[in-house]
Structures are given as C-alpha cells and as structure tokens.
Amino acid sequence: MAKEPILSAKDVEIQFSLRGRKLTAIRKCSLDLYKGETLAIVGESGSGKSVFTKSFLGMLDANGKIIGGSIMYDGIDLSKYTTEKEWMTIRGKKISMVMQDPMTSLNPLKKIGKQIQESIEINQGIKGPQAKKMALDMLTKVGIPDPERRYNQYPHEFSGGMRQRVVIAIAVACHPDILICDEPTTALDVTIQAQILNLVRSLQEELKMTVVYITHDLGVVANVADRVAVMYAGQIVESGLVNEIFYDAWHPYTWALLSSLPQLGVKGEPLPTIEGTPPNLFNTIKGDAFAPRNKQALAIDFEEEPPFFKVSDTHIAKTWYLDPRAPKIEQPKSIRQLRSKMEGRR
Amino acid sequence: MPDREKLIEIKDLQISFGSGRKKFVAVDHVNFDIYKGETFSLVGESGSGKTTIGRAITRINPVSAGEIRFKGQVISGKISKELDLEVIKKCQMIFQDPMASLNERAKVDYIVSEGLINHHLYKDEADRKAKVEAALREVGLLPEFASRFPHEFSGGQRQRIGIARALIMQPEFVVADEPISALDVSIRAQVLNLLNQLQKTRGLTYLFIAHDLSVVRFISDRIAVIHKGRIVELAEAEELFLHPFHPYTKALLSAVPIPDPEIEKKKKLLVYDPSIHDYSVNKPIWEEILPGHFVYGNEKELEGYRKEI
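Protein sequence lines, in the order shown, are assigned to chains A and B.
Numbering-wise, this note's numbering puts 329 at position 329 of the first sequence, and it's gapless, one number per residue.
Numbering-wise, this note's numbering puts 302 at position 302 of the second sequence, and it's gapless, one number per residue.
So this is what it looks like as structure tokens:
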C-alpha cells in the first residue's frame, strides 16, 4: 500500500501488574491505520482488543503500562507519553473513543448539552454561547430531533440509542482524526444498531475520520469494515481486507471464529465451538498461542512462534500453515461455503 | 399441527403496570400457544414487552386481563397453593445477564440449590448435595465448583450456573430471557449447544426471548414478532424468514447483520414507520394468512399481504 499510515503501532507490549504479578496483555502487536479507512478489530473477550486501542489515547488503567514498542502518530511517539497533560493534546482532540455502554459513559447528573459543550470548551478553548451553539449543531448532526429542548435534558430522559448518539456527539465534537468505537452497539437493539452504524458512517464521510471498530459481532464487521484485524491472546493473528478475511482466511483462530457463527448452524446439529479457553497471560506463551485449542495444530506450533506470512499485498496471517514447508492444509469446508450459504439465506 | 399437546396457552393476555392515570399497558391482546417439546421464540426490540410475557408465565408479573394456561390449567391470577408450587417447579427461568443474576455473596452450591431449599424438595443434606452435583455435571461444570463464588467464573460458566439453577427443579418449561446476549461469540455457540442438548435429553419446552433474529432462526421451531406489546406476526422459523408480511418484521429482518461483506454492503435497511397503519375505521385482526402463519392487520393490509404470497 502506497498510502502513508496516519497511526502506526509497532511491537507494542503492554503489561499490567496485578497483585505483584505481571500480566502481559498485549504481546508485540503491530498495526497501521490509514486515513479515512474503517478497521474492525475482532476477537473474544480478553484478547486485548480494548486494551490495545486504549493505549492509543492513554486510557490504560493505572496498573497498566506500555513497556515496549512505539505508537507513531503525526511524528510523535505516543508510547512515550506519561502525563495527563501530554495525553490531553491527543485524547478527544485527535483520537476519540466511543464506549460500549451508553448507560454508564454519560454523567447522570449533568445535562446532555453541557456534556457535549464541556468537550468543546476543554478541547477547543471555545467558551460560552459559541460553544453552546456548536453543541446544538452536534446534536443535530447526530440526528437528535429538537436539539434545543434535548440540550437541557438529562441522560435518563434518553433512550439507549439516543444516548449512544450523544456519546458519539461528544466523541466527534472536536473533529478527531481517529474515532475508536469499542463495541458501540452491543448494548443496543438490532434496529437501533443499524441506525448507529449508519450514523458513524455518515459522520466518517463528512469529517474524513478513520474509524476503528472493536467488536465481536462479525455481522457488524461485514457491514462496516474495509479492513479487519483478528486478535487472539494479545496479538493480531491475521489482518486483511474484509473480503479476504471472510472468504479467504488462513489463521485457524479466524476459521474457528467464523465457523462458530450461529447463522451457519444447521438446525438440529450442534454448532461448532471453540474448545478450551484462551491462554493465561500471566504465563509466557510458547509457540502459537492458539495451538492448544487447535485440533489441527502442527508440531512446530507448540515450539516456535510463527511469523507473519503474506497471503496477498493486503493480507497477512501469523500461522505456520502458510510456511512452504508445512503440510498441505485446506481451509475448513464451512469457511469455503460461507459465501454460498449466506447467499442462500437472503 | 392441531394434534400436538399444548403446554402453554395464552389467551387475550394483557399486562399493565400502575393504576389510574399512571396506568401503562405493557402487553395487550397477546394470543399464542406453545407446544410441548418445541422452542418458541419471542422477538422484538427493548421495551416491546417480550420479557414481561415471559415473566407473566413464570408468575413474576401479575396479569391484568386474559389468562395463561399450563397443561390446560389456568395459572394466571389467584390460584391454589399446590398449583402455585407446581408452576414454580415446572416453569423455570434463565436470565439475560449472568453477571447480575447470580448472588455474588453466595456460593454456587447455595445458588443452585436455592429452589430446593425454599420448597424443601430434598430428603437430606446428602440428597441435596447429590442433586447439585448432578445439575452441575449436566451443564458441563465440575462438581467441585460448588464451593466457589460466582466472581470466580467466566461469563459462559456463570450462564451455565444459571441454567443449572433452573434445571435442578426438574422443569418442563423454561423461559430463556436473552440467555446469550451478554456472552461472547465463541461462548454463545457453546451455550446454545447446551440448551439444545438439554432439550433433547430432558424433553424441555423453551420460550426463547431475544432481539437477535439470526440466533433465533437457528434454534426455534416457531417465532413470534412483538412490537409495542402486541404480537404482529407469528410463523414457523424458516417461513418467517422467507415470507415476512408485516412491515415491522421486514424492518427487523433487514436490520440483522449478516456476517458476509458482499451481502452486507449491498443491503438496504428498511425502517418501520408505525404511522402507515390506519386503524381508525378498519379495525385490525389477528389472521391466519397461511397455515400456521399469523399476521396482525386490517382487511386492506391483509389483502396486500395476500397478494405478496
């Protein structure tokens, strides 16, 4: 890709200290974000997808620390930032985040309008009536009818979908370059979910933002993403264009994720599941982290960590399956049939 | 299928909260039957009253009009103590959020056997222990987990505890209120498999409450779509997906994300506008438009639906 990345994370390592023990949540994870694209990060809970993206805006919990690697944004290495003051130049202004649960991410004691205005006042230094006008504009922009009246209401007077719109308004109020949406629709109904996804898409076009979705819903991924990164046990194990991941995945974990979709199930037969549990990140992981859960694991998977292999210019996978020396392994049937199956379902 | 045994019959059910000026009718004119051994799903957005119906069947919410029958006996309103106990035993519920539905200060042993303790359904301590152990094994947990607290478990394991708690009462009918919505994708499949397997081994009947139609299709025999306290369409699962009639059902189906980028990027989202229904003159009815396929609408709308067949 000839395009220059807008943000480039390299070999990021993040450690948490818990009761004197060290938990390595992110193990040398690299990611490039390009201008205007939509990237979806998928993986099960605990795979580190939230932690990884939170480190871009200094929102790690107090016991977490970036211990290695670099996060280059606009010529600055964000991983060297330590103080709140430094982070405040990035957070909300350049990179913003929308959290999962709109019920908990708003202040219940403050008027909706004030909460948006606050973001504008702090980050842009615009005060008073002018900031209020911008807040009202933002409310209109995110599709909240009757903004004048809504401005003076409290979060409990809003429905879940409306609240999520407010959270988005706060996040984009300062026209950030990158918007990170952490499971933005998990707490919402399907119909509302579709509306919110459309809203983010239209804001993205208007403000020329790069959007990162963190989700475990592959349906949402298929809808929004240009590129997909699959995370497992603190690492990105496969990344590629959305079609490459859905139709031509190579990492066994991606296969497992795709084939455990309820939509692919046959009535009366058990759904394929991923056996076992993710590895304990307190321990050092040897070889491929997914190997113990992979029925088709190769001997080398337990010995040595696989490097990234190139599938195409845009598609890489971290699995020994792609090594020329590896025995020939076919993609599972259910993956190859995914497309025809889904088409039959419509 | 008129010869199938009806386990639950719901007739003209109305559930309201509050009284006088503050009265709010959450569920109105709801009619459906659940046959023995089937999985019946109730789908709708939040606030549509789907959970309220489930709770009414398990006698948590009182019914303001209409009746609910369990095995032919009326179980709504005032009933005898014996019948009440019977319903408590035979109708169990699995809750949505496994983080919130388990008592954090009680051990799994107590959580699972609380029903037994409340109704003295065990002979002695050894019998109770044995029952807890059997229930835990049945849901794929180890018996030694009984001495642990809920916070020591993952989301999927907690949901299994919730299922064990329902199973220990030897129910015939289980209301599963969004049992997998709060779980991770990989764990969803496991819990669905468990529910399916239990249905086979125990001959359970499920009322499955959900807002995600994609999951519902895989597990249900029949699906009812509910909107603002009213069931707008009811049909066999595949039938509903292939021939939805009611505009709300269509909107709901169009909103389901399909995990396929080609289809997903092309799809058009339908938005349901309730004001398209003009029920001022022509009153709507609950009509069987195809065998086993019911839809709610007035004469004119039904005519339109018939043309779509």
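Where a beta carbon is used, it is the ideal one built from N, C-alpha and C, also for glycine.
CA-CA distance, G162/B to G229/B, rounds to 27 Å. Our two residues, A237/B and T89/A, have alpha carbons roughly 53 Å apart in a direct line. Not flagged as an interface residue toward chain A: D273/B, since no C-beta distance is shorter than 8 Å. Contact annotation for H211/B against chain A: D189, V190 [CB-CB distance below 8 Å, chain order].
The shortest CA-to-CA distance from K71/B to any of K22/B, N282/B, H29/B, G37/B is the one to G37/B. Straight through space, the alpha carbons of K200/B and A126/B are spaced by roughly 28 Å.
Contacts with chain B (Cβ-Cβ distance below 9 Å) from the stretch 43 to 58 of chain A involve E44, S45, G46, listed in chain order.
Taking 8 Å as the cut-off, the Cβ atoms of T249/B and L242/B do not count as close. Bounds of the alpha helix (DSSP H) holding G162/B are 155 to 167. The beta carbons of L257/A and V98/A sit about 23 Å from each other, so the pair does not count as a contact at 8 Å. Under the 8 Å criterion on CB atoms, Q235/A is classed as non-interfacial with respect to chain B.
Contact annotation: V212/A and V221/A have beta-carbon atoms that are not nearer than 8 Å.
Scanning the stretch 244 to 301 of chain B from its first residue to its last, the whole beta strand (DSSP E) runs of 3-plus residues come out as 285 to 290, 293 to 297.
Among the residues facing chain B, H175/A is not included, as its CB has no counterpart in that chain under 8 Å away.
Sorting P307/A, A233/A, E157/A, V311/A by C-alpha distance to the C-alpha of R27/A places A233/A at the top.
For the 8 Å CB-CB criterion, Y151/A and K110/A do not form a contact.
Per DSSP, the beta bridge partners of H315/A are S312/A. For T205/B, DSSP records a beta bridge to F173/B. For G47/B, the closest of A26/B, Q190/B, V139/B, S275/B by C-alpha to C-alpha distance is A26/B. At least 8 Å separates the CB of V30/B from every CB of chain A. In its chain, beyond the 5 residues on either side, I116, A169, A173 have a beta carbon closer than 7 Å to the beta carbon of M138/A. For D184/B, the residues of chain A that pass the 8 Å Cβ criterion are E44, S45, H216, in the order they occur in the chain. In this structure, the straight-line span from the alpha carbon of M103/A to that of T52/B is close to 22 Å.
Within the stretch 73 to 113 of chain B, complete alpha helix (DSSP H) segments of at least 4 residues are found at 81 to 90, given in chain order. For D97/B, no Cβ of chain A is located within less than 8 Å of the residue's own Cβ. Proximity to V311/A across T319/A, E305/A, P145/A peaks at T319/A, based on C-alpha coordinates. Chain order gives the chain A residues near E45/B as D189, T191, where near means a beta carbon separation below 7 Å. Assignment of A56/B by DSSP, reduced to helix, strand and coil, places it in the helix class.
If you draw a straight line from the Cα of S214/B to the Cα of Q204/A, it comes to about 28 Å. Against chain A, the CB of N298/B has no partner CB under 8 Å away; the residue lies outside that interface. In this structure, DSSP gives H227/B an extended state, which the three-state scheme calls strand. At the C-beta level, A187/A and W250/A stay beyond 8 Å of one another. In the displayed model, F282/A falls within coil according to three-state DSSP, outside both helix and strand. Taking 8 Å as the cut-off, the Cβ atoms of I196/A and T185/A count as close. Here D301/A carries a helix assignment [DSSP, helix/strand/coil].
Judged by their CB atoms, R148/B and P98/B are not nearer to each other than the 8 Å cut-off.
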